[in-house]
Amino acid sequence: LRRGPKALSEGVVQMVNKERTRCYAYFYIRGIFDPVQVTKMLGVTPHESNAIGDPGVQGRPYRWASWSCGMTRVDYPNHEIECIKVIKELIGKEDLLNQIKASNEDVEFWLEIVPTICEGEPPVITFGKEVIQFCHLTGTDFDLDMYVYPFEEQNSELD
29 LRRGPKALSE GVVQMVNKER TRCYAYFYIR GIFDPVQVTK MLGVTPHESN AIGDPGVQGR
89 PYRWASWSCG MTRVDYPNHE IECIKVIKEL IGKEDLLNQI KASNEDVEFW LEIVPTICEG
149 EPPVITFGKE VIQFCHLTGT DFDLDMYVYP FEEQNSELD
């Protein structure tokens, strides 16, 4: 059985438990900056943002600002396509992102990818040239937070 982006684009069926395998991804900025100003500069509405001092988890104020956009959630992930969807609003704005990083303190960019893979499916993650180029031009790191769950049935060979 063929796997990977080429197999997906050719319509090759992969064995996937669609009810449980899923992924979400987003672009994330964290540091000392004004999230309202970032929104204005980029002309992109974030799906979430927090300013320094905003109430955080358990009511404690945030010690840093955060801003994220491009949230995708899918049950049958093609990670390369999901990453392109996440950054599509930011492509062409690399200079603005670099300005944000240069003119603010301790600013970091991440492309967050969080797949949950079930039933022993192979964890295949690929990044196309467009995603790699964007991350390179903006100094964006990849953060892959992968949850892989084994088969539900016991394998008698492993007992």
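Residue 29 is where the sequence shown starts when you use our numbering, and the numbers rise one by one after that.
The C-beta atom is built at its ideal place from N, Cα and C for all residues, glycine as well.
Spatial neighbours of residue 156 within its chain, please: CB distance less than 6 Å, with the 5 preceding and 5 following residues excluded, ordered by chain position.
108
Reducing DSSP to helix, strand and coil, say where residue 130 ends up.
helix
What does the Cβ neighbour count give for residue 57, buried or exposed, with the cut at 16 atoms within 10 Å?
buried
Residues near residue 167 by beta carbon distance below 7 Å, same chain, minus five either side:
129, 137
Below 8 Å, can you find three or more Cβ-Cβ pairs linking the region 139-155 to the region 61-73?
no
Check whether the Cβ atoms of residue 162 and residue 115 lie closer than 8 Å to each other.
The answer is yes: Cβ separation under 8 Å.
Buried or exposed for residue 186, going by 16 or more other Cβ atoms inside 10 Å?
Low per-residue confidence applies at residue 186: pLDDT is 47, beneath 50, and the placement is therefore not dependable enough to give any value.
Quick one: Cα of residue 169 to Cα of residue 143, how far?
The alpha-carbon atoms of residue 169 and residue 143 are separated by roughly 17 Å.
Neighbourhood of residue 126 by C-beta, 7 Å cutoff - its chain only, sequence neighbours within 5 removed:
Only 166 meet the Cβ criterion.
Can you tell me the Cα-Cα spacing of residue 90 and residue 54, whole angstroms?
Residue 90 and residue 54: Cα-Cα distance of roughly 20 Å.
Nonlocal neighbours in the same chain, by C-beta distance under 8 Å from residue 82, ignoring five residues either side:
89, 90
Starting from residue 60, follow the beta strand (DSSP E) in both directions and report where the run begins and ends.
50-60
Under 8 Å, do residue 117 and residue 72 count as touching if we go by C-beta distance?
Yes.
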